[in-house]
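Reading through the structure tokens given below for one structure.
Protein chains: 2
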Amino acid sequence: MSIQSLFTPRGVAVVGSTSEGKLGYELIRQIVRGGYRQVVAVNPKAQGAFDVSGYDAVAHIDRPIDLAVVVSPTPTVPAVLKDCGRAGVKAAVIITAGFSEVGNLAGEKELKRIADQYGIRFVGPNCAGIVNTRHRLFPTLETPPPAGGVSFIAQSGAVGGVLLAWAKEFGLGIAKFVSYGNAADIHEIELLEYLAADPETQVIALYIESVHDGRAFMRAVQACTRRKPVVVIKAGRTSSGQRATLSHTGSMAGSDAVYDAALQQCGAIRVHTIEELFDLCQAFLYLPPVSGRRVAIVTNSGGPGVLAADRAEEIGLDVAEPGPALKSRLSEFLPAYCALKNPIDLTVEGTEDGYRKTLTLALEEYDAVLALNIAPAYLDSVPLARGVGDAARSSAKPVLASFLPREIVADGIAVLQSYGLPTFATGERAATALAYMAAYQSTHQARKPTLPEIKPAPQRLPGDGQMLEPEALLWLQENGIPVPDFRFARSGQEAVGGGRAIGYPVVMKVVSPQILHKSDRGGVILDIQDDDAARAAFEAIRRAARGKDFRGAVIYPMIRDAQEVLLGLSRDPQFGPVVAFGMGGIHTEVWRDITFRVAPVDRAQAEEMIQEIKSFPLLQGVRGQPPRDLDALAGVLVSFSQLPFCYSDIGEIDLNPVFLFPKGLVVGDVRIIRATHLWPGEQQ
Amino acid sequence: MSIQSLFTPRGVAVVGSTSEGKLGYELIRQIVRGGYRQVVAVNPKAQGAFDVSGYDAVAHIDRPIDLAVVVSPTPTVPAVLKDCGRAGVKAAVIITAGFSEVGNLAGEKELKRIADQYGIRFVGPNCAGIVNTRHRLFPTLETPPPAGGVSFIAQSGAVGGVLLAWAKEFGLGIAKFVSYGNAADIHEIELLEYLAADPETQVIALYIESVHDGRAFMRAVQACTRRKPVVVIKAGRTSSGQRATLSHTGSMAGSDAVYDAALQQCGAIRVHTIEELFDLCQAFLYLPPVSGRRVAIVTNSGGPGVLAADRAEEIGLDVAEPGPALKSRLSEFLPAYCALKNPIDLTVEGTEDGYRKTLTLALEEYDAVLALNIAPAYLDSVPLARGVGDAARSSAKPVLASFLPREIVADGIAVLQSYGLPTFATGERAATALAYMAAYQSTHQARKPTLPEIKPAPQRLPGDGQMLEPEALLWLQENGIPVPDFRFARSGQEAVGGGRAIGYPVVMKVVSPQILHKSDRGGVILDIQDDDAARAAFEAIRRAARGKDFRGAVIYPMIRDAQEVLLGLSRDPQFGPVVAFGMGGIHTEVWRDITFRVAPVDRAQAEEMIQEIKSFPLLQGVRGQPPRDLDALAGVLVSFSQLPFCYSDIGEIDLNPVFLFPKGLVVGDVRIIRATHLWPGEQQ
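Just so you know, the sequences run in chain order A and W.
Mind the numbering: the first sequence is residues 446 to 1129 in our numbering, read in order.
Mind the numbering: the second sequence is residues 446 to 1129 in our numbering, read in order.
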């Protein structure tokens, strides 16, 4: 696999000027300082730097070069790649910018063409380089980090740079780093596939603004999350953020809610800030997994303990008080003035032994412990750190330490590091990291079905124009989606027949390809009680449709006391078919109580969707309301989510409202929009 | 004012052992290092330290001592205070712990008694000391901070210590600091009153877990916010946090939602984490006020720009694109590859001049600029900082800089500091600080009515037992709250009379002091259409109440198509009468769409309450629903909120539902609970 040549090259050529202050000069300095020796410089002057030899072409180098790192001016890059190709170089990191990100699509295509021709795989252009600490390889302009188990793939070089600098400052061990820039060749999916199998990578961090192929991305992430945690920042989650990613990478992001669903479906953990990304990488790399949400907070000062408890509870951790047995064991050695609630407050008198014993006992009862030490300058934090470290070492459960202020407790933090324990900037941030760990563990344990690839679906929707309501209802019915008994009427007489056949009271709705918002135009009449009313209603609807292409009216039974929900299908530009479920009616607009999944969903996922909307208690039955038929609903959601894989031209389907009864459900209204172009992946 | 003696004493006595490693020793070291010379030590051995003289009693000191700082053992403190009193000491800081926080209430009362006897004002016990940088006075065990305009009052010494340490590390100027501990004498209210008028204090930071008197606290905060920003952490906002504050300070906190309302009503800004507190103090102290929410993000790297834009939009800032005029002016000097959207991306090629000109122009169009610089190690951030600094200096609008990674751009950050510009840990945190600044500005501009004190109300609720529905409705009506036409019936015959008088269809409800949940017991019958149905309904209700104290039934008109809202009154242990407004019906339970104010509210506040619930669009009329009578609603909310100031024994009132019509409103159900004890402040 030639991606391997990126990370473990036999030799590296830095192509670009090595005059002082130029990027080539800085790169060679960085590579040499990092300890990698098999490096040469290539530039027209054949100028070296830092005892590294210079050549005027890659083809003239007299030893094996597997990797070229290119910082030469934009117009020279194609020729450089050809030179590399002729010299048998297997991989390149093209740091040089000036390609698709500034509209130079042709230049970028040319790079890809040349690379393909010579069998070169490359990262970039417009990237910040790569790192492989195990190989002591640092061809990047960012801070060389210490070695360890986190690998970081970043669509933004600067975000990568921040994380690497923090890795050095706070001691986070990095295995591999790739800033993949414009991703003209190697992109995030291939890198994820590589890291899934990479034994040196224990935790994967990912910064993305867009992905190349939503479903392939999901499969690649899933391959990783089956073996190691994946922590993701997906930037561009607001409209201004998306506008910025568009100008930044030239790529269109899909809907943010769909990214949320997709990342959750493939078991990744989505965070929002670089600080969260960093904290969580620390937690996953250095701490054992957590098996539940019960946390004890052990502190030597009240206020920071309270703040950590507030945060912990707010994000769903369980800050339960110690049970009587634990309280009694703690009171055997802790002074009477220590609060034995949770937080357990050792007070400023807290000792090494107090921390050690308290943590050890708390770790028996709880799933994890937050160990806080907020020390005034006169207090020696080193013994307290030893107490925390000893307790952590003797347990298979995580201890999240926050010793602060950092400047004052630096010695204590160093001791914690010697135990392999990370420290967090504040107790609140430690609590946040723990909540994410717990969330990862619970989703990780849940079985994740693999999504099908998108293939051309065998059938097409009936007809070819806009589907009218009677046609759409018939089609839904044929596909196993329950619709109410209905009749189509083209005259007052037929309306009466329909009313009688269904049984009064009934509802009548206009059918016209030109009327979308039926009730706004007086095209919906409720609670029609008899033949006369049916005739009158039909006339009223015909009048309301005056000047429009009037086809008739559809007649339904009048439905009362149903809970209204909605089901939706749409196509995301990145992920293809997406299914939605939410509360119907007027409250959808205010509360946006709706949830999405990349389609199709299986039964377990459908149930998960139903249970995760906030209004779920309303469906279960509250305040004397009967519980609704959630079994039937889940079944319909599964069938509905499969429709785009049977019919190739589904663009959007809204079933809104769907009437949900204590027994069964029926569609109350349907709108179907045909797709005007193919799904991603449906290249027929 | 003797609080002045705390901050500007003519002499300070440190009372406690000065043996090496003891707190007295550390304190004297800190005081001497800080530059304060008028300090002596007092302990039985008359031992000095660091060239400071020792005495065996305060009364034996031969120069004026205004302030005693006490770290002697708990049992000695009363005698120390007496000694101080005899020597004419005016103020004390009692750091020694072991009083009310560990249940020693008697000991704490004794301190207060002695202090009162001798006219000594004191901070503590169980506190971390005070700071007055202007006086170079650091009688505290926490980190001495640099001098500046932020004063910090902290109920937690450790939280104080963290903020002071960060102040030193990141350069935040502190005027005064008080850790007030158990607040046996001086507490947060008096300190706020002092700081409101203190010319050296430009920004007030406050960490509280509880307050002494809610309304006096609000008045004190309001006195501050009329002149300077007040940033507050109120900890204990969850149940575990509250449990912790209870054990920490021994004081009961009120409801968190009421604190939220109270702080908003007196113009303070509530934040949740120490990091937010710190960031916002920086912003308020070093930046000019912001007059709106339009922000330009100027960056030299895409990813961090996107993250900042995401965060900014998410918290309500307006990240609008530059107008055509600004775009055209920017394109005159920026290279074509720079994205002129928002973020404005100068790319890694961004120059000093590029930052200077771009910021200068952006500051003309926007209310504020976030200036991001994320630099690889080879890039010199100093000129970029100069560009940012020059632009900020030439504008009266705020520039929030985030230069990172901190280790790499330390020189640039120093340059920003020389311009008086703070830097923020990330662009996201800068955006958060800006959003708070904008929120402060808009609430600061709004007129804040001063809350009335709580005095004994002149009247009492009618009767003395539980108020039944007919009685409660009459009372509401007398007090200007609209109720529906209703009749009380004690027999089937009276029920028919009531039904006829009101006009069918009607609703009938059981009246019994023993039936609270009327509909759960079959005590509510809807849509009664005629005399027979009325008779039958009365009998049904009588049967439903079998075995209970049945008094009769109340008869209302049947109401349809109203929007249900709720109004509530309750009494908070800290703030007294509180008024609530929210959406009624089943959705209240799911969505908790409810808002609170410390009562009473005026018209403007009532309108604010109505507009701030999330369901407000439903009240305005959406999807063909008519708009509701918000004018009438606001009027009723005002009258309702004044009731506790007329009737002394209102414990709780729930009006739920209140039926809100396109014209007018009526109460649909009422529940009144009498207060069994006095309001805070009502000591008759």
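Virtual Cβ for every residue (Gly too), placed ideally from N, Cα, C.
Here the structure is a predicted model, which is why all the values come from computation and not from measurement.
Under 8 Å from the C-beta of W/R682: neighbouring residues of chain A: Numbered from 1 along the second sequence, position 237 holds the residue referred to as residue 682 of chain W. Those within 8 Å of W/R682 in chain A are D755, E759.
Alpha carbon of W/H962 to alpha carbon of A/P788, nearest angstrom: For the purposes of this step, residue 962 of chain W is taken as residue 517 along the second sequence, with counting starting at 1. For the purposes of this step, residue 788 of chain A is taken as residue 343 along the first sequence, with counting starting at 1. When rounded, the distance between both Cα atoms is 39 Å.
Buried or exposed by the 16-neighbour rule on C-beta atoms within 10 Å, applied to A/C1091: For the purposes of this step, residue 1091 of chain A is taken as residue 646 along the first sequence, with counting starting at 1. When all chains shown are included, A/C1091 counts as exposed.
Within chain A, the residues that W/I476 reaches when beta carbons sit closer than 9 Å: As a first step, residue 476 of chain W is located in the second sequence; it is residue number 31 there, counting from the start. By Cβ distance, chain A contributes nothing, its closest Cβ being about 13 Å from W/I476, past 9 Å.
CB contact check: W/T1040 to chain A, cutoff 8 Å: Along the second sequence, one-based indexing puts residue 1040 of chain W at 595. Taking Cβ atoms only, chain A never reaches closer than 8 Å to W/T1040, which makes this a no.
Within chain W, the residues that A/S773 reaches when beta carbons sit closer than 9 Å: Here residue 773 of chain A refers to the residue found at position 328 when the first sequence is read from its first residue. Residues of chain W passing the Cβ test: none, with the nearest at roughly 17 Å.
Candidates W/A816, W/T519, W/A702, of which the one nearest W/K842 by Cα: Counting from 1 along the second sequence, the entry for residue 842 of chain W is found at position 397. Nearest of W/A816, W/T519, W/A702 to W/K842, Cα basis: W/A816.
Run of the beta strand (DSSP E) containing A/F1026, from where it starts to where it stops: Start at 1 with the first residue of the first sequence, and residue 1026 of chain A comes out as number 581. 1021-1028 is the extent of the beta strand (DSSP E) around A/F1026.
Below-8 Å beta-carbon distance, A/S746 vs any chain W residue: Locating residue 746 of chain A in the first sequence gives position 301, counting from the first residue. Chain W, which has a Cβ nearer than 8 Å to the Cβ of A/S746, makes this yes.
Proximal residues of chain W, C-beta to C-beta of A/K963 below 7 Å: Residue 963 of chain A sits at position 518 when you count from the first residue of the first sequence. Near A/K963 there are no residues of chain W at all, since even the closest Cβ is about 12 Å away, more than 7 Å.
Euclidean distance between Cα positions of A/P518 and A/F544: Position 73 of the first sequence, counted from the first residue, corresponds to residue 518 of chain A. Position 99 of the first sequence, counted from the first residue, corresponds to residue 544 of chain A. If you take the alpha carbons of A/P518 and A/F544, they lie about 11 Å apart.
A/E1142 burial status per 10 Å Cβ neighbour count (16 or more: buried): Outside the displayed span of chain A (446 to 1129) sits residue 1142 of chain A, for which this structure offers no information.
Whether A/F452 touches A/H580 by CB criterion (8 Å): For this step, residue 452 of chain A is matched to residue 7 along the first sequence. For this step, residue 580 of chain A is matched to residue 135 along the first sequence. Closer than 8 Å, so yes.
Min CB distance A/W1036 to chain W below 8 Å: By 1-based counting over the first sequence, the position of residue 1036 of chain A is 591. It does: the Cβ of A/W1036 has a partner Cβ on chain W nearer than 8 Å.
CB contact flag (W/V525, W/F567, <8 Å): Along the second sequence, read from residue 1 onward, the residue named residue 525 of chain W stands at position 80. Along the second sequence, read from residue 1 onward, the residue named residue 567 of chain W stands at position 122. The answer is no: Cβ separation not under 8 Å.
Nonlocal neighbours in the same chain, by C-beta distance under 6 Å from A/D701, ignoring five residues either side: The residue labelled residue 701 of chain A in the question sits at position 256 within the first sequence. These residues qualify, in order along the chain: R682.
Which listed residue (W/F1041, W/G564, W/D1006) has its alpha carbon closest to that of W/K1108: Taking the first residue of the second sequence as position 1, residue 1108 of chain W is located at position 663. Comparing Cα positions, the closest option is W/D1006.
Contacts of A/E419 in chain W (Cβ-Cβ under 9 Å): Look at the range of chain A in this structure, 446 to 1129, and you will see that residue 419 of chain A is not part of it.
When W/G857, W/F615, W/P1071, W/A599 are compared against W/S624, the one with the closest alpha-carbon: Here residue 624 of chain W corresponds to residue number 179 of the second sequence, with the count starting at 1. Measuring from the Cα of W/S624, the nearest candidate turns out to be W/A599.
Below-8 Å beta-carbon distance, A/T871 vs any chain W residue: Residue 871 of chain A sits at position 426 when you count from the first residue of the first sequence. For A/T871, the answer is yes, since a Cβ of chain W falls inside 8 Å of its Cβ.
Residue environment, W/E553, which counts as buried when at least 16 other CB atoms sit within 10 Å: Sequence index remark: in the second sequence, residue 553 of chain W carries index 108 (1-based). So W/E553 counts as buried.
Contact under 8 Å by Cβ, W/V595 with W/A620: Walking along the second sequence from the start, residue 595 of chain W turns up at place 150. Walking along the second sequence from the start, residue 620 of chain W turns up at place 175. Cβ atoms of W/V595 and W/A620: closer than 8 Å.
For A/S450, the three-state DSSP class (helix, strand or coil): On the first sequence, position 5 is the one that residue 450 of chain A refers to. Three-state result, A/S450: helix.
Closer than 8 Å to chain W by CB, A/T888: Within the first sequence, numbered from 1, the residue matching residue 888 of chain A stands at position 443. Judged by the 8 Å Cβ criterion, A/T888 is not in contact with chain W.
Test: W/P1018 CB closer than 8 Å to a CB of chain A: The residue labelled residue 1018 of chain W in the question sits at position 573 within the second sequence. Answer no: the Cβ-Cβ gap between W/P1018 and chain A never drops below 8 Å.
Cβ of W/K1059 within 8 Å of any chain A Cβ: For this step, residue 1059 of chain W is matched to residue 614 along the second sequence. Yes, W/K1059 counts as interfacial toward chain A.
Residues near W/A878 in its chain [Cβ-Cβ closer than 6 Å; skip 5 each side]: Taking the second sequence and counting its residues from 1, the one referred to as residue 878 of chain W is at position 433. D724, L725, A728.
Close-in-space but distant-in-sequence residues of the same chain around A/I473 (CB under 7 Å, 5 per side omitted): Position 28 of the first sequence, counted from the start, is the residue given in the question as residue 473 of chain A. Within the same chain, A/I473 has close Cβ partners V459, T463, V484, A486, A494, F495, V497.
Touch test, the segment 860-871 of chain W against the segment 828-847 of chain W, Cβ-Cβ under 8 Å, three pairs minimum: yes
DSSP three-state assignment for A/K772, whether helix, strand or coil: Stepping through the first sequence from its first residue, residue 772 of chain A is reached at position 327. A/K772 falls in the helix class under three-state DSSP.
Contact list for the segment 812-825 of chain A against chain W, Cβ threshold 7 Å: I819, P821, A822, Y823
Per-residue burial, A/F662 [other beta carbons within 10 Å of its own, 16 or more giving buried]: Here residue 662 of chain A corresponds to residue number 217 of the first sequence, with the count starting at 1. So A/F662 counts as buried.
Start and end residues, beta strand (DSSP E) containing A/K679: Start at 1 with the first residue of the first sequence, and residue 679 of chain A comes out as number 234. That run of the beta strand (DSSP E) goes 675-679.
N- and C-terminal bounds of the alpha helix (DSSP H) containing A/F723: Looking up residue 723 of chain A in the first sequence gives position 278. From DSSP, the alpha helix (DSSP H) with A/F723 extends over 719-731.
Where the beta strand (DSSP E) containing A/M953 begins and where it ends: One-based indexing of the first sequence puts residue 953 of chain A at position 508. Where A/M953 is concerned, the enclosing beta strand (DSSP E) stretches over 951-956.
Three-way DSSP call (helix, strand, coil) for W/I510 in this model: In the second sequence, the residue the question calls residue 510 of chain W occupies position 65. Residue state, collapsed to three classes: coil.
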